[in-house]
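Beneath this line is the structure, given in structure tokens, with notes to follow.
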Amino acid sequence: MNITLIGMAGAGKSTVGRVLAKRLDYTFIDVDRLITENIGMPLQTLIDNEGDSALIRLEEEAILKLGQVDNCIISPGGSVVYSEKAMEHLKKISKIVFLDAPFRSIIRRLPNARKRGIVGLRDRSLKELFEERMTLYRKYADFSIKLKGKENINEIAEKIIELVCKGKV
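For the record, in the sequence shown the residue sitting at position 144 is 220 according to our numbering, with numbers rising by one throughout.
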């Protein structure tokens, strides 16, 4: 079984994902890191040079290559929900958990949002992206964890294990 964490940049996908992977003795897959290692540049540079669609395409390709993975925690970028193909594939290979962080937490955790490689920030504000993506995150999630912004990472990981695994661990 695999678990995919979705949510906005700054929601804690990578941080929670690493703790969850360690706790379950799973492999942690950071899709943004796979992409940056593959292209040899930061995501923001890719967006600046080739546009948002280039990152969405590369993210989709990276996810579709995750065919036979097992016992993995997958942390895609926040824009993964713009690719129906990628999300359908993640649904097939994993349980999807939406880390539903409040906007005020996202703002606090992303002081340099325009340098983070976030799809859509050229045309819209972070608040507009947040509102647009919430519907998509909820659409694809098998489980949602409502965050308040000051949770203990270990408690969030434990809650995910309780929700997703229910005695399977």
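Just so it is clear, CB atoms sit at the ideal spot from N, CA and C, and this is done for glycine as well.
Computed from a predicted model, the values in this text were never measured in an experiment.
Across the structure, residue 237 and residue 174 are spaced so that their CA atoms are roughly 13 Å apart. The continuous beta strand (DSSP E) containing residue 81 extends over residues 79-82. Here residue 152 is not near residue 137, since their CB atoms are 9 Å or more apart. Assigned with DSSP and collapsed to three states, residue 223 falls in coil, not helix or strand. Counting the other CB atoms within 10 Å of its CB gives residue 241 a total below 16, which places it among the exposed residues. A straight-line Cα-Cα distance of about 8 Å links residue 195 and residue 123.
At least 9 Å separates the beta-carbon of residue 83 from that of residue 193. The alpha carbon of residue 79 has as its nearest neighbour, out of 165, 185, 211, 210, the alpha carbon of 165. The DSSP-derived three-state label of residue 176 is strand. Listed as beta-bridge partners of residue 106 by DSSP are 151. Taking the Cα of residue 204 as reference, the smallest distance to any Cα among 215, 191, 182, 218 is reached at 182. CA-CA distance, residue 87 to residue 145, rounds to 24 Å. For residue 234 and residue 214, the gap between their C-alpha atoms comes out near 21 Å. By the neighbour-count definition (other C-beta atoms within 10 Å, threshold 16), residue 199 is an exposed residue. In this structure, residue 110 lies away from residue 102, with their beta-carbon atoms at least 9 Å apart.
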